[in-house]
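**Q** Before we start, here is the structure in question, set down as structure tokens.
Residue numbers (this note's numbering): 78 to 203.
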């Protein structure tokens with residue numbers, strides 16, 4: 078079953094062996110143009126605790142970016158299929174089969190080693 082993720086949703090994962098939960102307020106890019114533009118043209122990464130969720134997701138690039146980002150590909154249940162930390166500008170990241178959404182955050186925001194863990198929708202920010 079695929080997740081329907083409204084813009085402004087708070088998604089969270091506790092992670093294996095972690096004492097705290099990581100919460101990220103996502104801006105959903107679910108149209109061709111918003112997915113194409115993504116984070117390009119921004120001078121700084123999303124603030125801590127926020128990110129961009131590309132739906133449908135897929136492979137992404139950091140060509141033209143001005144800063145490194147963390148990237149996670151998610152399946153339709155929001156389980157992490159792959160994770161790439163601190164991807165510098167000028168790179169391509171390929172999405173694995175089964176990718177439903179791609180999450181982009183500032184570098185260092187996503188916890189390390191979350192492949193196989195699932196995000197859950199906690200609510201929608203006001």
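Each residue gets a CB set at the ideal place from its N, CA and C atoms; glycine is no exception.
Along the chain, which unbroken stretches of the beta strand (DSSP E) at least 3 residues long are found entirely within the stretch 150 to 184?
**A** 157 to 164, 178 to 183, all fully within the stretch 150 to 184.
**Q** Can you look up residue 208 in the DSSP assignment and give me helix, strand or coil?
**A** Absent from the structure is residue 208, since the part of the chain shown begins at 78 and ends at 203.
**Q** Which residue comes first and which comes last in the beta strand (DSSP E) that contains residue 119?
**A** Counting along the chain, residue 119 falls outside any beta strand (DSSP E), and DSSP gives it neither H nor E.
**Q** So, do the stretch 111 to 126 and the stretch 149 to 163 have three or more beta carbon pairs nearer to each other than 8 Å?
**A** With the cut-off at 8 Å, the stretch 111 to 126 and the stretch 149 to 163 do not touch.
**Q** Here's a check: name, in chain order, each residue in its chain whose Cβ is nearer than 8 Å to the Cβ of residue 195, leaving out the five neighbours to either side.
**A** 90, 154, 155, 156, 157, listed in sequence order.
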